[in-house]
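Going by our numbering, the letters in the sequence shown line up with residues 1399 to 1664, in that order.
The beta-carbon is built from N, C-alpha and C at its ideal position, and this holds for glycine as well.
What follows is a set of notes on a single structure, which appears directly below.
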Amino acid sequence: MLTHLGQLSARAGPAGPVMGRRLQYDRPMALSLTTQWTLVASGLMAHADRVMSGEECEHLMTLVDEEVDEDAYAKWMSIISEPGQLEALLGDLPLPPPESHRQILEDAWLIAVLDGERVEAEVEALGRIGARLGVEPMQLEFWREAWSAAQHTAAQTAVATLGYVLGGGGPALPEDVGLIESFAHGLPTTHEHRTQLVAEAQLPHEHDAVERQLRGLARPQRHELIRRLASTVDAATRADEVRARWRALGRELGLTEEELDRLTRG
C-alpha cells in the first residue's frame, strides 16, 4: 500500500498504467541497472510490512527524480507502488555488477527502518533479495548486523551534532525541543531509539567530542549530516548563533563557504 502517492502526483503528471497488471517497461528507462536494482530491492523492503510510509516513498522517488524525465518518473512511481510489479522485476532484471551487490542490499536495509520499525518480514525480504544476487545467508547476516550498528551510531552522532549547534556546549533551549523531535523523526532508526535521541540532543554537547564523533563517519556521511542540519538551524530560537556554529563546523569538516551558502539556500 502506498500512503503518499498524492504528494507525488503533481511531479508524475498523468496516471500511469492500471495497478495490478504487469507493467510493460523499456529497459533501462533512463536508469542505470544498479539504480533499477536499488529501487526494486528498496521498494520490496518498503512493502515487506504491507505499508509503505511517506518517508520510504519520498526516499525512493528521490532516487528516480535525480535521473529520469517526467514519463519515466510516472512509470517508476507506478512500479514502486505495486509489490507484484517489483517482484516481477526482481526475477526479470539482469544481475547488476558484483561490486554493487553490497551497496544495493545496504540501501534496502536502510529503508526498512525509515518508518521507525524493523520487523521479521523485512529480514525475510532482504534474504530473498540477497539470494537472487547470490549472496550467502551468513554473509548477509554479518553485513546486516554491521549496517544496523552503523545506523545506530550515525543517528547518535547526528543528534549530538544538533545538540552542539543548538546549545554551543550547553543544553538546548526548551523552545527548541519541537525542532529536535522533528529532526530525530527523520533519522533511520527505530521509534524507541528516536525517543532516546530526543532526550540526548537536549543535553550539553562539547565541540571536541562532537568533532571526534563526526570524523568517525565516512566523509560523504559527514557532509550529508551538515546538509540535513542546514534546514534545521534557521528555525532555531537563537538562529544567528546556531547558524554561526553550524557554518564553523562545516568549515572544519572541509566544506567551503560557497558550499555552505548553497546549503543554506536549499
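Helix, strand or coil for proline 1426? Go by DSSP, reduced to three states. Because the pLDDT of proline 1426 is 38, which lies under 50, any placement of that residue in the model is unreliable, and the number read from its coordinates should be weighed accordingly. Coil, per DSSP.
Would threonine 1436 be called buried (16 or more neighbouring beta carbons within 10 Å of its own) or exposed? Buried: at least 16 other Cβ atoms inside 10 Å.
Identity of the residue in Pro1492, Met1450, Ser1479 nearest glutamine 1434 by Cα: Nearest to glutamine 1434 by alpha-carbon distance, out of Pro1492, Met1450, Ser1479, is Pro1492.
Would you kindly check if the distance between the Cβ of valine 1596 and the Cβ of glutamate 1573 is under 8 angstroms? It is not a contact, given that the beta carbons lie outside the stated cut-off.
Could you please give me the residues that DSSP links to glycine 1566 through a beta bridge? The partner list for glycine 1566 (beta bridge, DSSP) reads Gly1568.
Same chain, Cβ closer than 7 angstroms to threonine 1662, neighbours up to 5 away in sequence not counted: Excluding sequence neighbours, threonine 1662 sits near Ala1628.
According to DSSP, simplified to helix, strand and coil, what is leucine 1400? Only weak support is given to the placement of leucine 1400: the predicted model assigns it a pLDDT of 37, under 50, and the question is left unresolved by the model.
Considering just the uninterrupted stretch of the alpha helix (DSSP H) at threonine 1635, what are its terminal residues? No residue range can be given for threonine 1635, since it is assigned to no alpha helix (DSSP H) and is classified by DSSP as neither H nor E.
Beta-carbon gap between glycine 1514 and histidine 1589 smaller than 8 angstroms: The answer is yes: Cβ separation under 8 angstroms.
Check proline 1535 in the structure and name its three-state DSSP category. Looking at proline 1535 - three-state DSSP - the assignment turns out to be helix.
Expressed to the nearest angstrom, what Euclidean distance is found between the alpha-carbon atoms of arginine 1643 and glycine 1561? The straight-line gap from Cα to Cα measures roughly 11 angstroms.
Exposed or buried, which one is glutamate 1656 when buried takes at least 16 other CB atoms within 10 Å? Exposed, since its Cβ has fewer than 16 Cβ neighbours within 10 Å.
Within the region 1512-1556, ranges of the alpha helix (DSSP H) (whole runs, at least 4 residues): DSSP runs (the alpha helix (DSSP H)) wholly in the region 1512-1556: 1518-1530.
Exposed or buried, which one is aspartate 1632 when buried takes at least 16 other CB atoms within 10 Å? It counts as exposed.
Once the 5 residues before and after alanine 1519 are set aside, which same chain residues still bring their CB inside 7 angstroms of it? The beta carbon of alanine 1519 is closer than 7 angstroms to those of Ala1446, Asp1447 in its chain, skipping five residues each way along the sequence.
Are the CB atoms of glutamine 1600 and valine 1640 within a distance shorter than 8 angstroms? No, the Cβ-Cβ distance between valine 1640 and glutamine 1600 is not below 8 angstroms.
Unbroken alpha helix (DSSP H) run spanning arginine 1660, endpoints: 1655-1662 is the span of the alpha helix (DSSP H), which, as asked, contains arginine 1660.
Straight-line CA distance for threonine 1630 to alanine 1637? Roughly 9 angstroms between the two C-alpha positions.
Quick check on this structure: which residue in His1621, Thr1635, Ala1634 has the alpha carbon closest to the alpha carbon of arginine 1649? Ranking His1621, Thr1635, Ala1634 by CA distance to the CA of arginine 1649 puts His1621 first.
So methionine 1450 and alanine 1510 are supposed to be a Cβ contact under 8 angstroms. How far apart are they, rounded? 12 angstroms between Cβ atoms; not a contact.
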